[in-house]
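Note that the protein sequences, when read in sequence, are chains A and B. Take the position in the first sequence, starting the count at 1, then add 8; the result is the number in our numbering. Take the position in the second sequence, starting the count at 1, then add 578; the result is the number in our numbering. All residues carry an ideal CB built from backbone N, CA and C; glycine is no exception.
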Amino acid sequence: MNAETFRDREDAARRLARRLSRYRGSRPLVLGVPRGAMPMAAIIARELEGDLDVVLVHKLGAPRQAELAVGAVDETGAVTLHGNAGELGLPERYLEEERQRQWRLLLERRARYTPARAPADPAGRTVIVVDDGVATGATLAAALRLIRARKPARLVAAAAVAPPETLRRLRREADEVVVLSTPERFLAVGAFFEDFHQVTDDEVVRLLETAARAGRWEHFEHGADVGVRGRGATMEEAFAQAATALTAVLLEPETVQDAESVSIRVPAPAPQDPELLLVDWLNAVIYEMATRRMVFGRYAVSIGEHALEGRAWGEPVRVGSHQPAVEPKGATFTSLRVAREPNGTWVAQCVVDV
Amino acid sequence: MELTRFEHRGECEWWIPAHGAMRVPAILYATEALLRDMDDKVYEQAVNVAALPGIVRASYVMPDAHWGYGFPIGGVAAFDPDQGGVVSAGGVGFDISCGVRTLFTGHTAAEIRARRGDVADALYRAVPAGVGSTGRIHLDAKEVDRMLLGGARWAVERGWGRPEDLERVEEGGVMDGALPGAVSDHAKKRQKDEMGTLGSGNHYLEVQEVSEIGAADIATAFGLRVGDAVVSIHCGSRGLGHQIGTDYLKRMVVSAPSHGLTLPDRELACAPIHSDLGAEYLGAMRAGINCALANREIVTHLARQAFDEVLPGTTLSLLYDVSHNTCKVEEHRVGGESMRLYVHRKGATRAWGPGHPELSGVLRETGQPVLIGGTMGTASYILAGTREGEARSFGSACHGAGRAMSRTAALKRWRGRDVMESLRLGGIEIRSPSPRGVAEEAPGAYKDVAAVVDAAERAGLARVVARLTPILCVKG
C-alpha cells in the first residue's frame, strides 16, 4: 500500500471498522490512545458493538532526559523496560521513583476521563487498540506488551497510518495488526488527514460517557428510506437513542460538538400512547434541526404524565466539514414500535422518510 | 412477489380480484420480471388501499411500485366523496407535489460538454442544495401566504420566472382551493427561508443530452431532437410539504376512530373527503402543491441566471412540469357516466392523453409530456400520455425507478468520492456538498428505469418519446 490521505479521522475509522468486521459479535474491548484516536475508537466500538475505553500508558523517562523512554508503565502500575534501561545502568531507586511519578499521573488522567467507573479489564476479551497514526511505535508497542500481560483472549492493533518498519514492530506484539496506509515517509500524523483537528480532554470525556450508557442506536433497512432504532435500559433512553439514530442519517453523531443545548418539549398525546409520542418526539427534533439549522449529537429525554421534556446538544450545521448526507422529512408510522424486550431492554423504532 | 398470487389479464396487466375487505380489484401494470422483483408489501398495500371507503374502479399499481406509507409508492387510487370517499395524507406523501420539469436550452449537448465544468460550477453556485443550505429569498408571513395561494404565478409576478412558463405547468402553475390557514405555523417557519432550494436525497438539477428518440412524431411536436441539451429539475415542496405531511398524518391517525374508520394499518391514515379534517387537509395539500410549483419556478429562474453567466443569451424554455405526489379533483368516465373523483397519485405521474380538454396547443394533439427522472448519473425519459391511459389508470403513469438497495446498504458498498470520480471518467460532472449523500444515490443503488418505462408503454399507459443521458448533475 502506498501513501493515501483520509478525509478525516471518521473516514479512516469507518474503513478500519469494515476491516475489523469479523469481530462484531464477540463484543470486543476497543481501547483508544488518547486523545487523537478517541473519535476513531468510539466509531469502531459502535460499529463492532463493543465497549470503549482509553489505553493509558506513560513512558518512563531517563534521568535529565525525560523525552528518552526507557520503559513504560500502565494503570495497574505494571512496568515494561526497553533494552536501553539495562545499557544505561539506571539505578533501581530511580526507576521506582519514576514509575511512581508516572503512575500517579496516569491515575489522575483516569479520574478525569471516567470518574464514575473503573477501567475496563482486558482479561479474556478480544482487545483492539486504536491509534490514528503511529510514528516509531515505541509507546504503542510498550502498551501492547503491558496489555498482553493481562491476558486478553486476542490482541489486535489498528491504525490509519504507520510506516512499514513500525508495522513490523507492532506485529511482534499483537496477534493481528490492521493499518490502512503504510507510507515510506512519515513526517506527521496530521499530514495524512485532510481535516485533522485537535481533540480535547472534554471531547474524550464526552465520548466515553456516551459509550458507557446502556443505550445503543442502529439503522434498519427500509427500501427508499431509513429505519431508526434506539435501545436502552429505560424507555426514555431508547427515545434518546432513536433520536441519535436520526442524527446519524445526516452524519456521525460523534462528530457533533456540544456547543449549545436546546430544550424540546412535546405534549404527550392523551390517552398515553408511547408510539405516537415517539413519532412526535422525532418530528420535533426534525423541526428544530431544520429551523435552527443545527445538528444534534446527543439527547436526554424525560417522560412525564403530560409531556416529554427533551434536551438536545449540538451545533450549527457546518456544511463544509459536516457534509450532511440527506435531510429527514418526517418520522412515519411505518415499523413503529415502542416495547420492552424479554431481556428488559426497551426498544423504540420507526421509519423516517428522507 | 410470487406471480401465482395474481391473475394475468393482459401483456403487462395483473389483477388481484376483490376479496375479503376489498371493495374493488387491485390492478398492477408491470412485466413479469418487474412484478417478481417487487417487495411483498406492495401486494399487501395495494389490497389495503382497495378496502378504503369510496374507492372507485380499482387500486392501481404502476410498474415502479415499492413499499410506501400505507399506499404503495407508485399507487393510484380515486375516491368518490358521495360514497364516503376518503383523502389520505399517506396517499400523497411527505413531499407534496415532488416533481420534475424539463427545459430546452437551445444548445447542443456538444456545446454544453465543451463548457461542462463551468456550467456545473455556475449552477452549483446559483442553486442552494443539500442539508443546511440556505435560500437567498426570505419571505415574511404575508408573503408566505401569497406564495401558498399563487404558486408558480406568484413567483413569476415577483420576477422569478416568465409568464409563458405557466402554460406548460400542470394547473397553469396555480392549484385552486389552497388554504394557507390550514398550513401550520411550523410548516411556514420551515419554509420561509427555503424558497429556491433543491433539497437533498434524490433531488437534483441535471443538464442532459437527448440521446434517442422513440415516437418521432411526438418528439417533433414537443421540439426534441437528438443531440439537443435540456435541463431537468427534480424537487418538491421542501420543508413545508414535509411538515404538512407530518401534521396531517398524525391528525388523521388520531381522528380515524371518530370518523368510523378502522385502518388495517396506521400508515393508511385518512379522513372522509366530506369532513372538516378532510377539507383542511385538501386545502393544506393544495397549498403544498403551490409551494412546489413556486419552488421549481424559482429554481428555473436561478438556473437561467447561471446559464446566462456562462453562455450569454441562453434562453431556457419550459417543455413541461409534472408532479408525482398529489391528490387532484378530476372528471373521469366510470361505467358510462362522468364522475368527479379525488385521484391520489403517490409516486405516480398524471399522464393525460391526446384530446384531453385541459391540455392546450400542440399538447392537446400529442398528449401530456410525462417526465420520468432517472437518478443521478443514469438515463431519464420523456413519455407522452395515451388515450387508453384514461380507462387503464385514470390517466396515470410511473414516475421513476425505485431503489434497488437501501441507503445503508449503498453506503457500505460505495464511497462518494469514488462514485463521483467514476462518473467523471464517464463524462458526467457531479457537484454535491456531501460525498456520503452521493454514495447513497449511487447509480447502482437504483433499479433500471428503462425496464419501468418499457413496461409503462407496453401496458398502454404512456408512449416513449425520448431518452436523455446526463452531462452534469447538481445534487444536495
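Amino acids of chain A, ordered along the chain, whose beta-carbon sits closer than 9 angstroms to that of B/Gly980: Gly231, Ala232
What does the alpha-carbon distance come out to for the pair A/Ser310 and A/Ala241? 13 angstroms
Roughly how many whole angstroms lie between the Cα atoms of A/Leu89 and A/Ala77? 9 angstroms
Please tell me whether B/Gly597 has its Cβ less than 8 angstroms away from any Cβ of chain A. The sequence given here has His at residue 597 of chain B, not Gly. No, no contact with chain A.
N-terminal and C-terminal residue of the beta strand (DSSP E) that B/Leu1046 is part of: 1040-1053
Does A/Asp325 have its Cβ less than 8 angstroms from a Cβ in chain B? It is worth fixing the name first, because residue 325 of chain A is Val in this sequence and not Asp. It does; some Cβ of chain B falls within 8 angstroms.
Do B/Glu1019 and B/Leu1050 have their C-beta atoms within less than 8 angstroms of each other? no
Euclidean distance between Cα positions of A/Gln265 and A/Met302: 11 angstroms
For A/Phe322, which of A/Gln331, A/Gly305, A/Gly338 has the nearest alpha-carbon? The displayed chain sequence assigns Gly, not Phe, to residue 322 of chain A. The residue with the shortest Cα to Cα distance from A/Gly322 is A/Gly305.
Could you check whether the Cβ of B/Ala987 sits closer than 8 angstroms to any Cβ belonging to chain A? yes
Contacts that B/Val831 makes with chain A (C-beta to C-beta distance below 8 angstroms): Leu284, Phe341
Who are the Cβ neighbours of B/Trp593 in its own chain at under 6 angstroms, not counting the five residues just before and after it? Glu585, Arg587, Pro603, Ile605
So B/Ala1017 and B/Trp992 are supposed to be a Cβ contact under 8 angstroms. How far apart are they, rounded? 5 angstroms
Closest Cβ-Cβ distance between B/Asp617 and chain A: below 8 angstroms? yes
How long is the line joining the alpha carbons of B/Val912 and B/Met983, rounded to whole angstroms? 39 angstroms
Tell me which residues of the region 960-978 of chain B have at least one Cβ-Cβ distance to chain A shorter than 8 angstroms, keeping chain order. none
Taking the alpha-carbon positions, what's the A/Leu286 to A/Glu244 distance? 10 angstroms
Own chain, CB closer than 8 angstroms to A/Gly79, minus 5 neighbours either side, in chain order: Lys67, Leu68, Val87, Thr88, Leu89, His90, Ala93, Leu103, Ala150
Quick check on the DSSP output: the beta strand (DSSP E) that includes B/Asp886 runs from which residue to which? Looking at the DSSP string, B/Asp886 is not in any beta strand (DSSP E); the run it does join, the alpha helix (DSSP H), is 854-888.
Can you list the residues of chain A that B/Phe649 reaches, using a CB-CB cut of under 9 angstroms? Within 9 angstroms Cβ-Cβ: nothing; B/Phe649 doesn't reach chain A, min ~12 angstroms.
Paired residues, beta bridge with A/Trp354 - DSSP: A/Gly240, A/Arg348
For A/Pro350, tell me which candidate among A/Arg239, A/Val138, A/Ala320, A/Cys358 has the shortest Cα-Cα distance. A/Arg239
From the DSSP output, which residues share a beta bridge with A/Arg176? DSSP output for A/Arg176 lists no bridge partner at all.
Do you know whose CA, among A/Leu96, A/Leu258, A/Leu113, lies nearest A/Gln73's CA? A/Leu96
Step through the CB atoms of chain B and report whether any lies within less than 8 angstroms of the CB of A/Leu316. no
Hey, out of B/Pro641, B/Leu630, B/Glu790, whose CA is closest to B/Val1027's CA? B/Pro641
Can you confirm whether B/His837, when its beta carbon is compared against all beta carbons of chain A, has any partner nearer than 8 angstroms? no
Identify every residue that forms a DSSP beta bridge with B/Ser1055. The requested residue 1055 of chain B does not occur in the structure, where chain B is confined to residues 579 to 1054.
Taking the C-alpha atoms as reference points, what is the distance between A/Tyr307 and A/Leu290? 11 angstroms
Let me make sure I understand the geometry here. Which of B/Glu591, B/Ala969, B/Thr892 has the alpha-carbon closest to that of B/Arg635? B/Ala969
Can you tell me whether DSSP reads B/His597 as helix, strand or coil? coil
Do we get a CB-CB distance below 8 angstroms when we pair B/His644 with the residues of chain A? yes
Round the Cβ separation of A/Val63 and A/Val41 to the nearest angstrom and send it over; I've been treating them as touching at under 8 angstroms. 6 angstroms
State the DSSP-derived secondary structure class of B/Arg803, mapped to helix, strand or coil. coil
From the DSSP output, in three-state form, read off B/Ser971 for me. helix
Using a beta-carbon distance below 8 angstroms, is B/Arg583 in contact with chain A? no
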